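Participant: The structure under discussion is supplied below as structure tokens; questions concerning it will follow.
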Amino acid sequence: MFIAELAVGLYSGSLAMLSDSFHLFLDTLAPLISYLSEFKFFGLSEDRIKKTVTQVSISLFFIVAGVIIWEAVSRIINPPELKINFWFFLVAIIGLIGNIYSFLILKKEEGEDYSIIRKLLSRHMLADAGGSIVVILGAIGIAVWNLNVLDPILSIILAVFIILAPFIH
């Protein structure tokens with residue numbers, strides 16, 4: 335899904351779609367980086383490795399969000415022409431469906447034991463669905479009313495979410 339969102343974001347010129355794709359990439363990368371903490375590197379203690387891996391992961395969230403905000407500010411001043419088409423909506427809707435489906439799989443059922451990790455993932459998927467809705471609503475505003483300035487404004491909102499995502503539990 336990351337590649338589809340990245341391709342559509344690059345083609346359409348939508349920073350909001352690119353923001354969502356990078357958020358998805360970070361959501362995928364963070365657990366992989368976390369997995370590295372299970373290995374001993376350079377004779378470092380397990381605790382030190384876990385702290386370093388966490389710092390690297392959180393730093394990536396801040397760097398990506400900073401780049402998005404930087405680009406968004408320049409686009410607010412001079413909004414580019416965007417190509418919002420069928421493929422844009424298709425990829426955005428598939429992303430939304432995937433987030434909703436993941437949320438439904440992870441949500442607590444009546445009388446079911448519920449781990450804290452599953453609870454956090456469930457909330458995260460619901461928040462990701464919200465991000466997908468932001469992208470779709472922005473695309474509608476751009477396609478219908480030619481409000482290209484919506485894209486960078488919504489990108490800033492998504493970037494703030496990217497910054498807050500690792501801390502929301």
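Take 335 as the starting number for the sequence shown in my numbering and just add one per residue. Ideal placement from N, C-alpha and C gives every residue a C-beta, glycine not left out. Because the structure is a prediction, the values reported are computed rather than measured.
Since residue 459 contacts residue 437 with CB under 8 Å, what's their CB separation in whole angstroms?
Facilitator: 4 Å
Participant: DSSP three-state call for residue 352: helix, strand or coil?
Facilitator: helix
Participant: State the Cα-Cα distance for the pair residue 435 and residue 369, rounded to the nearest angstrom.
Facilitator: 25 Å
Participant: Below 8 Å on the Cβ atoms is my contact criterion, and I expect residue 489 with residue 355 to pass it. Report the Cβ-Cβ distance as a whole number of Å.
Facilitator: With 8 Å as the limit, residue 489 and residue 355 do not qualify as a contact, their Cβ atoms being about 12 Å apart.
Participant: Spatial neighbours of residue 410 within its chain, please: CB distance less than 7 Å, with the 5 preceding and 5 following residues excluded, ordered by chain position.
Facilitator: 483, 486 and 487
Participant: Expressed to the nearest angstrom, what Euclidean distance is found between the alpha-carbon atoms of residue 477 and residue 348?
Facilitator: Going by the C-alpha atoms only, they are around 12 Å apart.
Participant: Is the beta carbon of residue 400 closer than 9 Å to that of residue 341?
Facilitator: Taking C-beta atoms as the reference points, residue 341 and residue 400 fail to come closer than 9 Å.
Participant: Between residue 466 and residue 416, is the Cβ-Cβ spacing less than 9 Å?
Facilitator: no
Participant: Please report the distance separating the alpha-carbon of residue 441 from that of residue 403.
Facilitator: Taking the straight line joining both Cα atoms gives about 32 Å.
Participant: Taking residue 464 as the reference, which of 443, 378 and 491 has the closest Cα?
Facilitator: 491
Participant: Quick one: give me the first and last residue of the alpha helix (DSSP H) that residue 485 is part of.
Facilitator: 484–498
Participant: Does residue 360 pass the burial test, meaning 16 or more other C-beta atoms within 10 Å, or should it be called exposed?
Facilitator: buried
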